[in-house]
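Notes follow once the structure below has been shown.
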Amino acid sequence: MKVTRSPRAAVAACAAGAVAVMLALTGCASSGSAASSSAASSADAFSALRSKSQVNLGVASVAPSSYITPAGKLAGAEVETTLQVLSDLGIKQSKVKGTALDFNAMIPALQAKQQDLLSSSLFINSTRCGQVAFSEPIFVGTYSIITMKSKFDGSARPKTLADVKAKGLKLGLQAGGVQTTMATKAGIDESNRAILPNIRGVIDALKAGQVDAVLAVGVQIKAALTGDEKDNVVVGPVLKDAPLMGSGVAFRKDDTALRDEFNKKLAVVKKNGTFDKIMKKYSIDPAPAKTATTAELCKNPS
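Heads up: the sequence shown is residues 22 to 323, going by the numbering used here.
Below, the structure is given as C-alpha cells:
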C-alpha cells in the first residue's frame with residue numbers, strides 16, 4: 022500500500038530531521054569544546070592570572086623567608102622563589118603586589134579572594150592542608166631553644182625542651198604555631214608558657230626577661246636579630262625530636278590546577294641552580310626543601 026504525505030507533513034518531517042541533526046552536531050561540538058577547554062585549562066592554568074592588571078600576593082613579616090622591606094620591596098627566600106616561578110609562568114614581577122598580613126588573617130584573605138596566593142612562611146600542617154592547597158615546600162626550618170647569653174653559664178644553658186621543663190623555666194612561644202603542641206608534649210605546664218605575637222615579640226620578651234627561653238625556628242631568629250642582639254642572643258642546637266617545619270605557596274582549595282602548574286616550574290627552579298642561589302643569599306641551607314614533601318608536612322600536628 023502506498024502512503025502519501027501532505028506537503029505540510031513532508032515539511033514538518035524534514036524540519037524535525039534537520040533539528041535532530043543539528044542537536045546531534047551541537048552535542049558533539051559542545052562535548053568536544055568542553056574537553057578542549059578542560060585540556061587548555063589544565064595546560065595553561067595561569068592564563069587568568071596573567072590577564073590581570075595586578076596579582077595580589079599575601080606575605081608575612083618574617084625574615085628570612087617572607088617580608089616587605091622598609092622601602093616597600095618584596096623580599097625573603099620564599100618570596101623571591103615565588104616571584105621567580107611566577108615570572109617563569111609569564112607573570113611579570115612588576116604586576117605582583119605584596120600585602121603583609123598577620124598569620125591569623127592569611128587564609129581568610131585567600132579564601133575571600135582578597136589575595137590570589139600566599140607566600141607567607143605559613144607552616145604546612147594537618148589543619149591548614151584542609152583549608153588551602155599548598156605547593157611543594159620552599160622554606161624548611163627546624164626548631165631550637167633560644168636564650169640570652171647573659172642568662173646562663175656553660176652547661177646550665179637549656180638546649181632541649183626537657184631542659185626547660187627540668188629547670189622550671191618560662192618558655193616563650195609564637196602564637197599560631199606548632200610550638201604549643203611541642204611544649205605540651207614535653208610536659209611544660211601552661212603556667213610556664215608565654216604566647217607571643219611574632220618573631221620580634223619573642224626576641225623582645227627574651228631581652229626584657231619576660232621569658233627565660235624561646236622555642237623557635239633558629240634561622241628565623243637569626244635573621245631577625247639586629248645590632249648587639251646578634252652577640253647577645255644564643256640560638257641553640259637543632260632539636261632532634263622536633264618536627265621538620267616547612268612552608269610553600271598557598272592557593273585556594275579549588276585552585277589545584279594552579280598549584281600543579283606552579284609545582285612543575287618550582288621543580289625546574291630547584292634543579293637548575295636558581296633555588297640554591299636564592300637560598301644562599303639569605304643564608305638558608307637549600308637541601309631540606311629539596312627532599313621534604315608537602316604530603317609529609319601535612320601530617321604535622323597543628
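All C-beta atoms, glycine included, are put in the ideal place defined by N, C-alpha and C.
Reduced DSSP category for residue i - H, G, I as helix; E, B as strand; rest coil
i, result
"F67", "coil"
"Q195", "strand"
"P258", "strand"
"N284", "helix"
"K116", "helix"
"M43", "Residue placement at M43 is flagged as unreliable, the pLDDT there being 39, under the threshold of 50; a coordinate-derived value is accordingly withheld."
"S323", "coil"
"A96", "strand"
"T103", "helix"
"N77", "strand"
Per-residue burial, residue i [other beta carbons within 10 Å of its own, 16 or more giving buried]
i, result
"E157", "buried"
"Q135", "exposed"
"V289", "exposed"
"Q241", "buried"
"S304", "exposed"
"Q195", "buried"
"Q114", "exposed"
"E101", "buried"
"D233", "buried"
Pick from the options that is closest to residue i, judged by C-alpha positions
i, options, result
"P264", "P91, K118, V289, S147", "S147"
"G97", "S82, G111, L107", "S82"
"G189", "A196, N213, K206", "N213"
"N321", "Y303, L279, D262, K118", "D262"
"K191", "I209, F67, T315, T201", "I209"
"L110", "G230, C319, K301, F283", "F283"
"A229", "T90, S171, Q114, G294", "S171"
"E99", "G269, E317, A316", "G269"
CA-to-CA distance, residue j to residue i, given in whole angstroms
i, j, result
"F173", "L104", "42 Å"
"N77", "V117", "6 Å"
"L143", "F155", "10 Å"
"G175", "V255", "12 Å"
"K1", "V106", "The structure shown has nothing for residue 1, since the chain only spans 22 to 323."
"L182", "A204", "7 Å"
"K291", "A187", "42 Å"
"L260", "V161", "14 Å"
"I216", "T312", "31 Å"
Exercise. Any contact of the region 302-315 with the region 165-180, i.e. 3+ C-beta pairs under 8 Å?
Worked result: no
Exercise. Are the region 246-257 and the region 68-88 touching by the rule of at least three beta carbon pairs closer than 8 Å?
Worked result: no
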